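In our numbering, the protein residues as written are 1 to 372. Where is the CB? At the ideal position from N, CA and C, for every residue including glycine. This structure is a prediction, so every number in the text was calculated from the model and none was measured. For reference, the structure discussed in these notes is given below.
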């Protein structure tokens, strides 16, 4: 699949998702046809290695496609991004584990939970995993789920396997219980319910250390830390939704023949900020794909994505004021996008205080250099 074909498929998925968006919000899950369209569009296979039939694609292509879907339904775009980056995370599994996940098809849907809850008890040949994991987006449409948990190791475990060492475990969805807990103001269609594991045995080839996501030295896997690319997972759906608000409210301002007005200024400022936000995230994706001079851009990547989302939030707030009361009507897609954007922006990976921690050492080092 070429970049152009991915974008064409994303536009088709966008239009379908937009038609089903009200129903997805009521059901708190994507329509099965929409979920299938996301897989058919190539999101699940996007980062899957060529040897398993995947695209082994780049970040720029997928974030553009995700943002396109977001113009129709932010929940569908969020799920598209989650299943794409779930596939990327699954590439950290040992070879035998990857074979088990993808030998049948590169379109296997992998959901994931990033909060290290539950526990994994080491036993002969693997671990026995138990616990609860909240906010597992797209889990209702997944084939596998990657769960992270602290381990309870055996006495002769490796040095890095100390008590509490975190590992990811790939578990078939049908071995898990999904508890209906996703009842939110926005992003309702993501179906980000709670997953429960009850003493599920996971063999060693279906697990990897969470430290691998801090940067791998294996040339067959990405060496970029998860925190560097996490913003690329969660910002594009929101910026796509922001574009939809902009387009729907374009009629709220006078045409080009009108006199300059505060409304015109606010609209153009909002449009400019949404454009700047999208360009910022795309620049991060280009840097990640090229992976040159990492020390220059990588510490800023989380902050750039967070700041882009903040720009989008501020712009949408201004647009909603321009749209007036009509924009907040229950049957207006604009208010759904507004709620979705605010809900999505609350994700832990989009918290500015955490992103700031990555920038601080770079700023301090630059300050010391300038001082001397």
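About 6 Å separates the Cβ atoms of residue 171 and residue 147, confirming a contact at the 8 Å cut-off. With 16 or more other Cβ atoms inside 10 Å of its own Cβ, residue 327 counts as buried. Judged by DSSP secondary structure, residue 15 falls within the alpha helix (DSSP H) whose first and last residues are 3–27. Under the DSSP definition of a beta bridge, residue 177 partners with 196. Per DSSP, residue 150 is one residue of the beta strand (DSSP E) stretching across 144–152.
Separation of residue 184 and residue 127 (C-alpha to C-alpha, rounded to the nearest whole angstrom) is 34 Å. Each residue's CA atom was taken as its position, placing residue 241 and residue 26 some 19 Å apart.
Between residue 202 and residue 176, the CB-CB gap reaches or exceeds 8 Å. Just so you know, the alpha carbons of residue 45 and residue 57 end up roughly 9 Å apart. With contact defined as three or more Cβ pairs closer than 8 Å, the segment 47–64 and the segment 277–287 are in contact. For residue 122, the enclosing beta strand (DSSP E) stretches over residues 119–123.
A contact is defined here as three or more CB-CB pairs under 8 Å, and the segment 299–315 fails this definition with respect to the segment 68–79.
Nearest C-alpha to residue 12 among 24, 2, 37 and 28: 37. The C-beta distance from residue 245 to residue 316 rounds to 5 Å, short enough to fall under 8 Å.
With fewer than 16 other beta carbons inside 10 angstroms of its own, residue 346 counts as exposed. The bridge partners DSSP lists for residue 133 are 195. Counting every other CB atom within 10 Å of its CB across the protein chains shown gives residue 206 a total of 16 or more, marking it as buried. Excluding sequence positions up to five before and after residue 212, its CB lies within less than 6 Å of the CB of 92, all in the same chain and listed in chain order. Ranking 102, 321, 119 and 135 by CA distance to the CA of residue 338 puts 321 first. At a Cβ-Cβ threshold of 8 Å, residue 204 and residue 87 do not count as neighbours. Under the three-state reduction of DSSP, residue 182 is assigned to coil, being neither helix nor strand. With 16 or more neighbouring CB atoms inside 10 Å of its own CB, residue 106 falls in the buried class. With a minimum length of 3 residues, there is no unbroken run of beta strand (DSSP E) contained wholly in the segment 239–296. Ranked by Cα distance from residue 64, the options 28, 9 and 335 are led by 9.
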